[in-house]
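In this text, residue positions in the sequence shown follow full-length UniProt numbering: the first is 1, and each later residue adds one. Where a beta carbon is used, it is the ideal one built from N, C-alpha and C, also for glycine.
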Amino acid sequence: MTHLIDRSVIDAHNARLQRDLDSDYAHLGEQLARRGIDIETVRAQVAAFGVAIPSWGVGTGGTRFARFPGQGEPRHVFDKLQDCGVIQQLARATPTVSLHIPWDKCSDWNELRQTASAYGLAFDAMNSNTFSDQKGQAHSYKYGSLTHTDAATRAQAVAHNLECIEIGQKLGSRALTVWVGDGSNFPGQQHFRRAFDRYLDSSAQIYAALPSDWRMFLEHKIAEPAFYSTVIQDWGSSFLAAQALGPKAQCLVDLGHHAPNVNIELIVARLIAAGKLAGFHFNDSKYGDDDLDAGSVSPYRLFLVFNELVAAAHEGVPFEPAYMLDQSHNVTDPIESLMTSAAQVLRTYAQALLVDRQALDAAQDGNDAMTATHLLKQGFQTDVTPILQRVRLDAGGAIDPVGAYRASGYRQRVAGERPAVVGGSGGIV
Ligand code: LRH
Ligand code: MN
Ligand code: MN
């Protein structure tokens with residue numbers, strides 16, 4: 001295993017914090033025991049939980065107004081993978097990476113796979129990109145891709161998705177995430193029903209090319225770049241498409257892709273019940289597809305989503321969601337944000353595990369709203385930090401990943417190796 005951060009840096013850092021952790025962990029263990037919860041059981045469940053890093057998240061993001069590059073930005077997919085390796089080495093919650101093609105194209109997929117495995121990483125879902133034009137592309141996606149009125153443009157978009165599957169097979173991935181920005185900006189611009197039919201027709205061609213053990217994740221989004229209408233704008237359209245395509249097609253929920261105040265946990269429950277929950281792109285938002293760090297604005301909303309997941313698992317409902325982050329970092333070091341968000345996801349999972357399911361069932365059956373909501377709050381309000389720290393320490397990571405990362409000087413080191421990127425006027429998704 002390649003150690004990107006010197007072991008001695010992590011050890012020295014942990015040595016300073018371990019005594020406090022031992023005492024905090026013991027104290028939390030006592031508190032939980034009083035509630036009939038075994039801390040070791042929770043610890044083992046949290047240790048087994050992983051969330052994928054989006055390869056595009058390790059570069060500095062931007063808006064359509066401006067982009068302010070950070071130091072030592074990854075130049076290519078190998079640099080991105082190295083940054084993901086650092087995240088995994090320190091935070092121990094992100095064993096997989098989700099690639100985006102063609103952003104992550106390289107000339108030797110075998111080498112990429114080996115490099116990943118040397119960092120202790122594997123590949124999660126592949127993401128296709130038919131929402132922007134690439135150099136030398138025959139047909140433009142300005143007016144759509146899988147739903148374009150022109151058959152040749154649709155065929156090109158289908159072929160790109162098939163290429164993503166092929167690449168993914170070389171990397172050991174087992175899912176393709178398809179998000180299209182197709183839609184319209186003017187009332188009347190697009191025939192809604194025909195556009196959806198074209199989507200189904202193109203998607204069926206992609207679906208037909210899926211290897212037997214692959215899934216296809218359909219990602220909906222309310223708007224942007226099409227601001228009047230989007231073809232796959234919500235879970236309803238996504239669900240209709242997934243139903244039409246077949247059992248390997250499921251609906252992916254990106255938390256930022258809904259209108260403000262939409263009850264996302266209810267959507268999650270519906271998709272679980274229908275066997276159509278593909279998984280998540282975790283992030284947070286205040287206004288729209290803000291791509292803020294997971295749980296940074298509304299941690300309780302994230303908790304309520306996890307509450308549905310834990311409840312379904314508790315009840316033995318068969319489902320296998322894929323967990324991924326999808327964030328854009330404009331003012332923080334992406335490595336720090338991704339480590340913090342991964343920890344936030346694990347924290348939320350742990351909190352949801354603490355909910356007394358039996359008592360909740362009884363409160364719901366007895367229409368005791370106050371007790372029911374109190375039981376959820378009891379889980380959410382428990383500070384599970386010692387469990388997260390302990391899981392990281394046991395796995396060879398850092399008790400405080402951001403602190404250890406800063407002490408390691410990794411960013412300064414790569415800033416010397418990777419040429420500075422000049423700022424731009426935006427245009428980043
Ligand atoms: C679209 C989206 C989708 C893309 C990613 C870059 O807004 O969430 O998942 O692949 O951003
Ligand atoms: Mn997304
Ligand atoms: Mn998005």
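How would the residue list near ligand 2 read, in chain order, if you kept each one whose beta-carbon is closer than 7 Å to any heavy atom? Result (chain order): W179, E219, D254, H257, H281 and D326.
Taking the DSSP output, what are the residues bridged to N127? Mapped onto the sequence shown, residue 127 falls at position 127. DSSP output for N127 lists H100 and T177 as bridge partner(s).
Using a Cβ-Cβ cut-off of 7 Å (strictly less than) and excluding sequence neighbours within five positions of G236, which residues of its own chain qualify? The residue you call residue 236 lines up with position 236 of the sequence shown. Correct list: empty, nothing qualifies.
Is the beta carbon of V345 closer than 8 Å to that of A294? In the sequence shown, the residue the question calls residue 294 occupies position 294. In the sequence shown, the residue the question calls residue 345 occupies position 345. Less than 8 Å divides the Cβ of A294 from the Cβ of V345.
Distance, S238 Cα to P386 Cα: For the purposes of this step, residue 386 is taken as residue 386 along the sequence shown, with counting starting at 1. For the purposes of this step, residue 238 is taken as residue 238 along the sequence shown, with counting starting at 1. Approximately 39 Å, taken between the alpha carbons.
For Q250, name the three-state secondary structure that DSSP assigns. Residue mapping note: residue 250 aligns to position 250 of the sequence shown, counting from 1. For Q250, the secondary structure class from DSSP, reduced to helix, strand or coil, is strand.
What does the Cβ neighbour count give for S202, buried or exposed, with the cut at 16 atoms within 10 Å? Residue mapping note: residue 202 aligns to position 202 of the sequence shown, counting from 1. Taking all protein chains shown into account, S202 has 16 or more neighbouring C-beta atoms within 10 Å of its C-beta and is therefore buried.
Does the Cβ-Cβ distance between T94 and G50 come in under 8 Å? Locating residue 94 in the sequence shown gives position 94, counting from the first residue. Locating residue 50 in the sequence shown gives position 50, counting from the first residue. If you check the CB distance, T94 and G50 come in under 8 Å.
Leaving aside the five residues before and after G59 along the sequence, list all residues of the same chain whose C-beta is less than 6 Å from its C-beta, in chain order. Locating residue 59 in the sequence shown gives position 59, where the first residue counts as 1. Taken in chain order, the residues that qualify are E73 and P74.
Give the straight-line distance between the Cα atoms of R198 and F192, rounded to the nearest whole angstrom. Taking the first residue of the sequence shown as position 1, residue 198 is located at position 198. Taking the first residue of the sequence shown as position 1, residue 192 is located at position 192. Distance between the alpha carbons of R198 and F192 is about 10 Å.
Pick out the complete alpha helix (DSSP H) segments inside the segment 249-315, 4 residues or longer, and give them in chain order. The DSSP assignment places 264-273 and 299-314 as complete runs of the alpha helix (DSSP H) inside the segment 249-315, in order along the chain (cut-off: 4 residues).
Using 7 Å as the cut-off, classify the Cβ of K221 as near or not near the heavy atoms of ligand 3, replying yes or no. As a working mapping, residue 221 is identified with position 221 in the sequence shown. At least one heavy atom of ligand 3 falls within 7 Å of the beta-carbon of K221.
Identify the continuous beta strand (DSSP E) that holds A322 and give its terminal residues. As a working mapping, residue 322 is identified with position 322 in the sequence shown. Segment A322 to L325, the beta strand (DSSP E) holding A322.
Given a cut-off of 8 Å, decide if L90 and G397 are closer than it, judged by their beta-carbon atoms. Position 397 of the sequence shown, counting from 1, holds the residue named residue 397. Position 90 of the sequence shown, counting from 1, holds the residue named residue 90. Result yes, Cβ atoms of G397 and L90 sit closer than 8 Å.
Start and end residues, alpha helix (DSSP H) containing R357: Residue numbering aside, residue 357 sits at position 357 when the sequence shown is read from its first letter. It spans R357 to D365 - the alpha helix (DSSP H) in which R357 sits, taken as one unbroken run.
Determine whether the beta carbon atoms of N129 and T177 lie at a separation below 8 Å. The sequence position of residue 129 within the sequence shown is 129, counting from 1. The sequence position of residue 177 within the sequence shown is 177, counting from 1. No.
Taking the alpha helix (DSSP H) that E111 falls in, what are its first and last residues? Looking up residue 111 in the sequence shown gives position 111. That run of the alpha helix (DSSP H) goes W109 to A118.
CB contact flag (F131, V180, <8 Å): In the sequence shown, residue 131 corresponds to position 131, counting from 1. In the sequence shown, residue 180 corresponds to position 180, counting from 1. Yes, they are a contact pair.
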